[in-house]
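A.B. asks: The numbering of the sequence shown is the working numbering, which starts it at 2 and goes up by one. Okay, handing you the structure first.
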Amino acid sequence: MIVYKVFCKNYGLKKGDLIGILVERRKDLRGLTQIESGLRWAKLAFTHSIKDKNAMFVVPKELQIGFHTQSLVEKGVFTREELLGISELLS
């Protein structure tokens with residue numbers, strides 16, 4: 002399972018602001034790299050919430066499916082508000 006943390010560049014503070022998390026369960030990325038696949042999905046899911054879609058970037062992380070990641074498997078897209086309870090899984 003690949004978890005993508007989706008960020009938007011904040012040029013004023015020179016850092017990335019967390020927009021949300023995407024969880025991808027498929028292993029076949031259809032010829033794309035993890036970054037390309039995650040960024041394509043992130044643009045579809047989160048473009049409405051930011052002004053500049055080119056300022057968006059993703060950070061992929063692979064997790065093993067287990068007891069602690071069960072809530073991630075059930076839902077594929079998480080917003081910033083939903084991340085408070087699951088942030089310790091991704092660190």
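Ideal placement from N, C-alpha and C gives every residue a C-beta, glycine not left out. Since the model is a prediction, treat every value here as computed from it, not as a measurement.
1. On the three-state DSSP scale, how would you describe K44?
2. Among the candidates V78, P61, F79, M57, whose CA atom is the shortest distance from the CA of K16?
3. In chain order, what residues of the same chain lie with their CB nearer than 7 angstroms to the CB of V78, ignoring the 5 residues before and after it?
4. State buried or exposed for L40, treating a residue as buried only when at least 16 other CB atoms are found within 10 Å of its CB.
5. Given a cut-off of 8 angstroms on the beta-carbon distance, is the pair A43 and V4 in contact?
C.D. replies: Let's see:
1. In the sequence shown, residue 44 corresponds to position 43, counting from 1. DSSP places K44 in helix when its eight states are reduced to three.
2. Residue 16 sits at position 15 when you count from the first residue of the sequence shown. Taking only the C-alpha atoms, the option nearest K16 is M57.
3. Residue mapping note: residue 78 aligns to position 77 of the sequence shown, counting from 1. Shown here for V78: same chain residues with a beta carbon closer than 7 angstroms to its own, the five before and five after excluded, namely G21, L23, A46 in chain order.
4. Start at 1 with the first residue of the sequence shown, and residue 40 comes out as number 39. Per the 10 Å Cβ criterion, buried.
5. In the sequence shown, residue 43 corresponds to position 42, counting from 1. In the sequence shown, residue 4 corresponds to position 3, counting from 1. It is not a contact, given that the beta carbons lie outside the stated cut-off.
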